[in-house]
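J.: Please find one structure pasted underneath; my questions will follow.
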Amino acid sequence: MNFHPKARPRHLVIVLGDQLDKDSAGFDGFDAEQDAVWMAEVTGEATHVWSHKARIAIFLAAMRHFRDELRGRGITVHYRELCDSTFGEELTKTVRQLKPQRMIVVEPGEWRVQEDLKQAVPGLEVRVDRHFLSAKEEFAAHAKGRKQLRLEYFYREMRRKHNLLMDGDQPVGGTWNFDKDNRGSFSKDGPGLIPKPVGFKPDATTREVLKLVEKRFAKHPGRLDQFDWPVTRQQAQQALADFIANRLPDFGRVEDAMWTGQPYLYHSRLAAALNLKLLDPRAAIAAAVEAYRKKRAPIEAVEGFVRQLLGWREYIRGVYWQFMPGYANLNTLNATRPLPEFYWTGDTEMNCLREVIGQTLALGFAHHIQRLMVTGTYALLLGVDPVEVHKWYLAVYVDAVEWVELPNVLGMSQYADGGIMASKPYVASGKYIQRMSNYCVGCRFDPAQRIGPQACPFTTLYWDFLLRHEKLLAKNQRMTMQLKNLARLTAADRLAIREQAGQVTANA
Ligand SMILES: Cc1cc2nc3c(=O)[nH]c(=O)nc-3n(C[C@H](O)[C@H](O)[C@H](O)COP(=O)(O)OP(=O)(O)OC[C@H]3O[C@@H](n4cnc5c(N)ncnc54)[C@H](O)[C@@H]3O)c2cc1C
Ligand code: SF4
8 MNFHPKARPR HLVIVLGDQL DKDSAGFDGF DAEQDAVWMA EVTGEATHVW SHKARIAIFL
68 AAMRHFRDEL RGRGITVHYR ELCDSTFGEE LTKTVRQLKP QRMIVVEPGE WRVQEDLKQA
128 VPGLEVRVDR HFLSAKEEFA AHAKGRKQLR LEYFYREMRR KHNLLMDGDQ PVGGTWNFDK
188 DNRGSFSKDG PGLIPKPVGF KPDATTREVL KLVEKRFAKH PGRLDQFDWP VTRQQAQQAL
248 ADFIANRLPD FGRVEDAMWT GQPYLYHSRL AAALNLKLLD PRAAIAAAVE AYRKKRAPIE
308 AVEGFVRQLL GWREYIRGVY WQFMPGYANL NTLNATRPLP EFYWTGDTEM NCLREVIGQT
368 LALGFAHHIQ RLMVTGTYAL LLGVDPVEVH KWYLAVYVDA VEWVELPNVL GMSQYADGGI
428 MASKPYVASG KYIQRMSNYC VGCRFDPAQR IGPQACPFTT LYWDFLLRHE KLLAKNQRMT
488 MQLKNLARLT AADRLAIREQ AGQVTANA
């Protein structure tokens with residue numbers, strides 16, 4: 008029996024849009040007869056970056072399903088449907104109205120929200136976020152005294168600590184990392200038949216949200232006609248089971264490959280469900296390890312997937328909290344150009360960018376290498392202001408939440424943190440894209456050319472990037488090969504590259 012919604016609650020538990028987990032610490036000691044939950048949809052969260060319609064929709068649909076689930080369990084939920092005020096304003100109103108004895112929240116995932124909440128609710132009890140396998144303090148202890156933070160060391164520590172894929176003290180398969188087996192590409196015949204990932208037909212609640220988003224956010228980027236993301240815990244578990252049974256065995260082998268018209272390939276499509284907390288990363292890791300134990304998936308695939316979740320995802324969160332709020336303003340390469348307009352439309356002659364941006368606008372999804380080596384690399388080579396790049400990434404993906412998006416963009420993709428995360432800038436010429444995809448087939452540019460009317464803008468800008476940052480990069484041992492190649496250029500070559508790059512940037 009829940010208590011009267013207007014009664015003064017003992018505890019009011021604030022549930023943020025990316026905290027949709029009934030087993031979170033927020034519900035420890037929850038008593039439905041005295042306690043209540045508070046949730047709010049505020050437009051500011053959809054507009055502080057120019058959010059893709061699918062990103063707005065997945066949040067609202069998942070929140071409404073969670074609200075209904077809680078109410079179904081007899082829990083009082085004070086829920087504000089889409090309102091124009093800010094989160095802080097709504098919360099202040101509630102506190103005045105309900106006068107709860109205590110307000111509780113699980114650690115917010117975003118620095119800005121954490122600060123807003125502290126301001127709006129003095130005395131707020133903040134509980135640890137158990138969703139993650141590594142607490143912020145554990146990461147801080149790992150980072151202490153290290154000159155550089157590298158995934159590999161953190162990942163090994165996590166494998167040992169959680170005894171995952173271990174044979175005693177040694178990694179299963181004799182090596183920690185099967186990265187070198189995960190860089191395959193497809194032959195010219197393409198990927199062949201890949202099992203279609205399970206999708207979820209919008210139910211009445213989701214359909215109502217889709218209608219609302221189309222109406223209220225009509226001018227926002229992206230489309231909703233293919234929206235089929237998991238928005239409940241059950242659907243997230245179904246999506247996990249489907250991935251483990253049908254795509255995990257081939258996950259690692261071609262993890263970095265790209266192909267026209269194949270947005271998902273062997274990827275899991277689980278990031279949004281994980282980030283909304285509809286899915287526990289432990290469940291995803293355990294399911295993959297079990298598939299290996301039962302000989303349903305090879306070690307390269309399983310280790311590759313475990314590394315993403317136990318390694319990268321936890322490490323990225325650690326970096327975010329270790330370096331915020333200053334991290335968001337880092338700009339080591341002094342990049343200042345605006346983001347090209349075509350990032351919002353896909354309207355460009357460059358086939359790779361047209362494909363990846365087009366797919367992003369249609370689905371709110373691109374896989375890791377599309378984000379890192381196509382849209383990310385182009386912005387880096389062009390010298391776009393990292394804050395602009397960050398705002399774009401935070402806006403356009405269904406899985407985008409700042410704690411994971413920001414270090415991936417600023418650190419891994421744009422090298423704006425000067426190497427806190429990545430040991431060198433992820434730069435490559437068009438030849439990399441040619442090797443890893445079929446995008447260059449039929450493109451009006453030629454990835455092998457850096458000068459002339461057919462020159463690939465990636466290739467031109469790659470050489471121009473090395474020229475622009477030659478001094479800084481010379482200090483980096485991992486750039487030795489690239490700088491040796493640069494040293495072979497004559498003064499005339501250099502001048503021609505600079506001129507061609509000038510034309511590319513003028514047209515960008
Ligand atoms: C520039 C850039 C921006 C990114 N922005 C986001 C973002 O906003 N939100 C987000 O969740 N991921 C982000 N990533 C990481 C990664 O690209 C996505 O997690 C992945 O593409 C989502 O698709 P998937 O679920 O099919 O992942 P899979 O390829 O199937 O990987 C499995 C899971 O591993 C985790 N993972 C993989 N790589 C990373 C990584 N680098 N950092 C953290 N977790 C990782 C994700 O939870 C993912 O669901 C970004 C990467 C780059 C390079
Ligand atoms: S030629 Fe250059 S611009 Fe065209 S698809 Fe290949 S890498 Fe992209």
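So the number in the working numbering is just where the residue sits in the sequence shown, counting from 1, plus 7. Ideal placement from N, C-alpha and C gives every residue a C-beta, glycine not left out. From a predicted model like this one, the values you see are computed outputs, not experimental measurements.
1. Which same chain residues end up closer than 8 Å to C90 when comparing Cβ atoms and leaving out the 5 residues on each side of it in sequence?
2. Comparing the CB of G229 with every heavy atom of ligand 2, is any distance shorter than 7 Å?
3. In chain order, what residues place their C-beta within less than 7 Å of a heavy atom belonging to ligand 2?
4. Taking its Cβ as the centre, do 16 or more other Cβ atoms sit within 10 Å of K226, making it buried, or is it exposed?
5. Using the Cα positions of V296 and G180, report the straight-line distance between them to the nearest angstrom.
6. Which residues mark the beginning and the end of the beta strand (DSSP E) in which I111 is found?
7. With respect to 7 Å, is the separation between the Cβ of V179 and the closest non-hydrogen atom of ligand 1 below this value?
8. Is L89 helix, strand or coil when you go by DSSP?
9. Which residues share a DSSP beta bridge with Q177?
10. In angstroms with no decimal places, state the Cα-to-Cα distance between Q510 and I111.
11. Please state the DSSP three-state secondary structure of W410.
12. Between L490, E132, H55 and E159, which lies nearest to L317 when the distance is taken from Cα to Cα?
13. Please state whether the Cβ-Cβ distance between V261 and R71 is less than 8 Å.
14. Please state the DSSP three-state secondary structure of R134.
15. Check for me: the beta strand (DSSP E) holding I21 runs from which residue to which?
16. Flag G418 as yes when its Cβ comes closer than 7 Å to any non-hydrogen atom of ligand 1, and as no otherwise.
17. Taking 6 Å as the limit between beta carbons, can you name the residues of its chain near A499, skipping five residues before and five after?
18. Quick one, which of L368, G311 and S420 has its alpha-carbon nearest V391's?
19. Using CA atoms only, rank isn't needed, just tell me which of Y327, V205 and R451 is closest to L277.
20. With which residues is V391 paired in a DSSP beta bridge?
21. Can you tell me whether E307 sits near ligand 1, meaning its C-beta is under 7 Å from at least one heavy atom of the ligand?
22. With DSSP as the reference, label A462 as helix, strand or coil.
T.: A quick look at the data gives this:
1. A47, E48, V49, T50 and E97
2. no
3. M357, N358, C359, L360, G437, I440, Q441, Y446, C447, C450, F452, D453, P454, C463, P464, F465 and T466
4. exposed
5. 13 Å
6. R109 to V113
7. no
8. strand
9. D174
10. 55 Å
11. helix
12. E159
13. no
14. strand
15. H18 to I21
16. no
17. none
18. S420
19. V205
20. R344
21. no
22. strand
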